[in-house]
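Residue numbers (our numbering), protein chains in the order written: chain V, 1 to 362; chain S, 363 to 724. Cβ coordinates follow ideal geometry from the N, Cα and C atoms, glycine included.
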């Protein structure tokens, strides 16, 4: 790890207090370039998922590095990105709440969105929204291939939805959305090939075939027919990505600066970052976050504003008042807790980046 | 449960989309009155913890019902409450980040705060902040009595901190802060009595002796010497409070309205509320939240924006497009994810209450 100088910690606490979120711009830029190069090499377009950073400024950095467009998970995120002038957007979820509230139509009037569906009900709502917007809406059919997330489970069901889209004047069939597990690439290929055959038979073409996920970069381009990849976490990385073997500590660009606020017991301590800061997402790991200055200390419990430290295995124990830096288990949910990211380079604060789309739930 | 009419669900989705947060004002008012009555009966002052609702408007309702003042967990919360004219505030944590950033002194210039400490380091920072503010700061000593949260572990250590406060012209000794477990009331009494004896011997008096927690209402007033109680969750209640036996479903005033956005498998479904809405706080319970319309469905996993439903035990399975209401496991962290609470009474939307102090991390 780059050893952050005492002076930077002092500057940060004097200007922002703790807990606060700090990103290392050199690492962010390296991570952006690396993702773009992996997509370039695999000859698929890069469409980063902005759910991780929720910041138009960082999305623009990704576009400037060569990304074709962006992926959002919520309409509210897309609204923020559209406000910033970004107009090539896939929203990768069934949007029912946003469609029924009229916000989908309102945004569709401003930006030609691409949205996703895995049911006829969703398509009905999209059709209504498009009619209200006054222009047809591009729809991708979301397909599951073993992960049991959103997405139809069979090519047959996908084809039925494609037919509904084809038959609806307010909807355009735009392609397919996959999120294969890293070990189910073959299964996805079988699903994909059968579906493409069916689409061809009804006169449809999948202009977009999207794969997703940072761990899936190991397989990017392996799906014959894929046209683009959407990954979010890789811009910052986190403890989950290290555990998955797709990032090292040196690739982690997001850190929570937190103060040790209590050492009431000999073997325990308390940070001022709890579940309202780092969140209770474990990502399947032991402990909540990696403490850079004390890797042998573990955050073994949270209250809302406190992280409880087990220091029994920690030789050089932190003292009250120390500021330590934590890499969260799951960076996407932790970023979402902050109003701003303090962007540093070479131990200097370069700028403050607002997390403009944080907490956009609809 | 009150059966919310179809019309209310429609109004809510048309005006706000999903997911959104809805509070029942009758229940909120009942909960506020009940907490006040329990304190009145026990002859201790009521100082509700606003970390649960983070809204000046709801804090004012608590004050109007008889609360003496409020408790905050973060300086940023206290800033929001002070902006709304509330001036009797305890901040119940060691404030190091806020003290060193200058924000503690800035707020102390406007409002006479009461803050907490469990170490000499914290007291040093408080003294500096008070000097910068130009007036002495009231400090409570935080004591642990078996929970291993913040707080000194022995009366002897508490007394040492009280002496430091006494010797510092910029600090006033204001009292003691306890958070006893429901089963450690006797232990707290022993700690308290020994400490009071010590304080008397150095000429100090604990004007405030605060106990805390919604589950601890069963013991409120039992600690001889307690002057006030601070509880947060009881304004809304949640699945944890039901599990703890201190609330019923009918006492739960906060619900997340969420759409069923996918039914891609026969035994499974997906809600548009995931860990960025309900949070991954389990509160030690199985599943994430209670679905009012489908109590035999379980939310068994989250992704960031999706709640995954296991419908294998669910006889009357929800359909795509259904709106269901979820009582979260832990309401305090879920409220913090929303920008606003939709306040309803008798199936009518009465007003929208901003969660002004949400995400105040420092």
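Self-check item: chain V contacts made by the segment 513-527 of chain S, where a contact means CB separation under 9 Å
Solution: 513, 514, 515, 519
Quiz item: Should the segment 229-240 of chain V be called in touch with the segment 42-55 of chain V, which here means at least 3 C-beta pairs below 8 Å?
Solution: yes
Practice problem: For residue 510(S), return the contacting residues in chain V, with the cut-off set at a CB-CB distance below 7 Å. | Solution: Residue numbering aside, residue 510(S) sits at position 148 when the second chain is read from its first letter. The contacting residues are 265, 268.
Quiz item: Quick check: the segment 295-312 of chain V against the segment 206-217 of chain V, are there 3 or more CB pairs under 8 Å?
Solution: no
Quiz prompt | Helix, strand or coil at residue 364(S) [DSSP, three-state] | solution = Mapped onto the second chain, residue 364(S) falls at position 2. Note that residue 364(S) scores 48 on pLDDT, short of 50, meaning its location in the model is unreliable and no value can be drawn from it.
Quiz item: What's the gap between the Cα of residue 101(V) and the Cα of residue 626(S)?
Solution: Stepping through the first chain from its first residue, residue 101(V) is reached at position 101. Stepping through the second chain from its first residue, residue 626(S) is reached at position 264. Computed Cα separation, rounded: 23 Å.
Quiz item: What residue ranges within the segment 232-290 of chain V form continuous alpha helix (DSSP H) runs of no fewer than 4 residues, ordered along the chain?
Solution: 239-243
Practice problem: To the nearest angstrom, report how far apart residue 359(V) and residue 717(S) are at their CA atoms. | Solution: As a working mapping, residue 359(V) is identified with position 359 in the first chain. As a working mapping, residue 717(S) is identified with position 355 in the second chain. Using only the alpha carbons, I get a separation of about 12 Å.
Exercise. Establish whether the CB of residue 578(S) and some CB of chain V are separated by less than 7 Å.
Key: Within the second chain, the letter at position 216 stands for residue 578(S). Not an interface residue.
Quiz item: Applying a beta-carbon distance threshold of less than 8 Å, which residues of chain S neighbour residue 306(V)?
Solution: Sequence index remark: in the first chain, residue 306(V) carries index 306 (1-based). Chain S residues near residue 306(V): 455, 511, 512.
Exercise. Going by CA-CA distance only, name the one from 224(V), 244(V), 311(V) that's closest to residue 293(V).
Key: For the purposes of this step, residue 293(V) is taken as residue 293 along the first chain, with counting starting at 1. Nearest C-alpha to residue 293(V): 311(V).
Quiz item: For residue 590(S), which residues does DSSP report across the bridge?
Solution: For this step, residue 590(S) is matched to residue 228 along the second chain. Answer by DSSP bridge pairing, in chain order: 407(S), 572(S).
Practice problem: Give the DSSP-derived three-state secondary structure of residue 223(V) in the structure shown. | Solution: For the purposes of this step, residue 223(V) is identified with residue 223 of the first chain, where counting begins at 1. Residue 223(V) falls in the coil class under three-state DSSP.
Practice problem: For residue 377(S), count neighbouring C-beta atoms within 10 Å of its own C-beta (all shown protein chains included) and say buried if the count is 16 or more, exposed if not. | Solution: As a working mapping, residue 377(S) is identified with position 15 in the second chain. The residue is exposed, with fewer than 16 neighbouring Cβ atoms inside 10 Å.
Quiz prompt | Reduced DSSP secondary structure (H/G/I, E/B, other) of residue 307(V) | solution = What you label residue 307(V) is simply residue 307 of the first chain in a count that begins at 1. Correct three-state label for residue 307(V): strand.
Quiz item: Smallest Cα separation from residue 479(S): which of 698(S), 430(S), 703(S), 522(S)?
Solution: Here residue 479(S) corresponds to residue number 117 of the second chain, with the count starting at 1. The shortest Cα separation from residue 479(S) among 698(S), 430(S), 703(S), 522(S) belongs to 522(S).
Exercise. For the alpha helix (DSSP H) containing residue 694(S), list its first residue and its last residue.
Key: Along the second chain, one-based indexing puts residue 694(S) at 332. That run of the alpha helix (DSSP H) goes 693-697.
Practice problem: Could you list the residues in the segment 171-202 of chain V with a C-beta less than 8 Å from some C-beta on chain S, going in chain order? | Solution: none
Quiz item: Anyone know if the C-beta pair for residue 640(S) and residue 696(S) falls short of 7 Å?
Solution: The residue you call residue 640(S) lines up with position 278 of the second chain. The residue you call residue 696(S) lines up with position 334 of the second chain. Cβ distance < 7 Å, so residue 640(S) and residue 696(S) count as in contact.
Quiz item: Would a check of beta-carbon distances place residue 698(S) closer than 7 Å to chain V?
Solution: As a working mapping, residue 698(S) is identified with position 336 in the second chain. Judged by the 7 Å Cβ criterion, residue 698(S) is in contact with chain V.
Quiz item: Quick one: which chain V residues come within Cβ less than 9 Å of residue 376(S)?
Solution: Residue mapping note: residue 376(S) aligns to position 14 of the second chain, counting from 1. Here the neighbours are 100, 101, 102.
Quiz item: Does the separation of the CB atoms of residue 384(S) and residue 714(S) fall below 7 Å?
Solution: Translated into positions along the second chain, residue 384(S) becomes position 22. Translated into positions along the second chain, residue 714(S) becomes position 352. Cβ distance not < 7 Å, so residue 384(S) and residue 714(S) don't count as in contact.
Quiz prompt | Where the alpha helix (DSSP H) through residue 188(V) begins and ends | solution = The residue you call residue 188(V) lines up with position 188 of the first chain. Residue 188(V) -> alpha helix (DSSP H) spans 185-201.
Quiz item: Are residue 306(V) and residue 274(V) close, meaning C-beta to C-beta below 7 Å?
Solution: Against the first chain, residue 306(V) aligns to sequence position 306. Against the first chain, residue 274(V) aligns to sequence position 274. Yes.
Quiz item: According to DSSP, is residue 217(V) helix, strand or coil?
Solution: Position 217 of the first chain, counting from 1, holds the residue named residue 217(V). Residue 217(V) falls in the helix class under three-state DSSP.
Quiz prompt | Status (buried if at least 16 other CB within 10 Å, exposed otherwise) for residue 719(S) | solution = Stepping through the second chain from its first residue, residue 719(S) is reached at position 357. Counting Cβ neighbours within 10 Å, residue 719(S) comes out buried, since at least 16 surround it.
Quiz item: Which word fits residue 629(S), buried or exposed, when buried means at least 16 other C-beta atoms lie within 10 angstroms of its C-beta?
Solution: Residue 629(S) sits at position 267 when you count from the first residue of the second chain. Per the 10 Å Cβ criterion, exposed.
Practice problem: Could you work out which residues of chain V lie near residue 680(S), taking near to mean beta carbons separated by less than 8 Å? | Solution: As a position in the second chain, residue 680(S) is number 318, starting the count at 1. None at all; the shortest Cβ gap to chain V is about 12 Å.
Quiz item: Within this structure, are the beta carbons of residue 283(V) and residue 309(V) separated by less than 7 Å?
Solution: Counted from its first residue, the first chain places residue 283(V) at position 283. Counted from its first residue, the first chain places residue 309(V) at position 309. Contact: no.
Quiz item: Which residues in chain S sit within 7 Å of residue 9(V), going by Cβ to Cβ distance?
Solution: Here residue 9(V) is taken as the residue at index 9 of the first chain, counted from 1. Simply none; closest approach about 10 Å.
Quiz item: So is residue 321(V) in contact with chain S if we call contact Cβ pairs under 7 Å?
Solution: Reading the first chain from its first residue, position 321 is the one you call residue 321(V). Yes, residue 321(V) lies at the interface with chain S (some Cβ there is under 7 Å from its Cβ).
Self-check item: Every unbroken beta strand (DSSP E) within the segment 471-496 of chain S, with a cutoff of 3 residues, ordered by chain
Solution: 476-479
Quiz prompt | Beta-carbon neighbours of residue 19(V), restricted to chain S and to distances below 8 Å | solution = Counting from one through the first chain, the residue named residue 19(V) turns up at place 19. Under the 8 Å cutoff, chain S gives 459, 723, 724.
Self-check item: Simplified DSSP state of residue 149(V), which is helix, strand or coil
Solution: Translated into the one-based positions of the first chain, residue 149(V) becomes position 149. Coil at residue 149(V), not helix or strand.
Practice problem: Work out the CA separation of residue 475(S) and residue 723(S) for me, nearest whole Å. | Solution: Taking the second chain and counting its residues from 1, the one referred to as residue 723(S) is at position 361. Taking the second chain and counting its residues from 1, the one referred to as residue 475(S) is at position 113. Going from the Cα of residue 723(S) to the Cα of residue 475(S) covers about 18 Å.
Quiz item: Under 9 Å Cβ-Cβ, which residues of chain S neighbour residue 119(V)?
Solution: Translated into positions along the first chain, residue 119(V) becomes position 119. The answer, in chain order, is 623, 624, 625, 626, 682, 683.
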